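Presented below is the structure to which this report refers.
Numbering (this note's numbering), first residue to last: 2 to 164.
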């Protein structure tokens with residue numbers, strides 16, 4: 002019997018494929034997807050978060066990851082201090098080359114205590130701009146990015162020295 006690898010839904014800087022390649026070398030990008038009745042925002046810690054919000058939708062990239070990839074993500078997301086691991090049903094839309102809609106259970110990192118919208122950390126702006134560009138290339142609607150992400154993530158930012 003083949004063991005299925007975990008499915009992860011990345012909605013913030015982990016949509017930047019270069020970052021995912023460095024953090025999770027075993028991952029496979031399965032395409033784009035969305036989570037209904039949640040809203041994307043920058044929380045008071047200065048990073049992306051999502052909160053329950055009827056009528057809103059969060060888009061992101063879906064990845065199949067290995068156990069070691071998941072352990073790395075846990076460290077990067079500072080589990081359980083900053084984010085907790087939750088599993089939610091997402092709708093996968095597949096890839097541009099192979100579109101197909103299906104519902105799947107996915108790992109999502111969420112902080113349900115930091116609900117106040119705030120400003121992004123300066124170093125995070127560059128990573129999020131790269132994530133937005135990759136998300137659009139993969140098929141996430143540009144109008145979604147403009148409505149939900151751009152109010153927090155301006156297009157103009159400085160590339161940090163450590164990138």
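Backbone N, C-alpha and C define an ideal beta-carbon position, used for all residues, glycine too. Being a predicted model, the structure only gives us computed values, none of them experimental.
| Query | Result |
| --- | --- |
| Delimiting residues of the beta strand (DSSP E) encompassing residue 9 | 8-11 |
| Contact set for residue 140: own chain, Cβ-Cβ below 6 Å, skip 5 residues either direction | 33 and 97 |
| Contact the segment 53-67 vs the segment 76-85: 3+ CB pairs below 8 Å | no |
| N-terminal and C-terminal residue of the alpha helix (DSSP H) that residue 134 is part of | 123-139 |
| Under the three-state DSSP convention, the category residue 107 falls into | strand |
| Contacting residues, own chain, Cβ-Cβ under 7 Å from residue 24 (five flanking each side not counted) | 73, 74 and 77 |
| Span of the beta strand (DSSP E) around residue 65 | 49-65 |
| Cut-off 6 Å between Cβ atoms - residues of its own chain near residue 2, not counting five sequence neighbours on either side | Note that residue 2 scores a pLDDT of 43, beneath 50, so its modelled location is shaky; the value from the coordinates is reported in the next line. Correct list: empty, nothing qualifies. |
| Close Cβ partners of residue 15 (< 6 Å) along its chain, the five nearest in sequence each way excluded | 21 |
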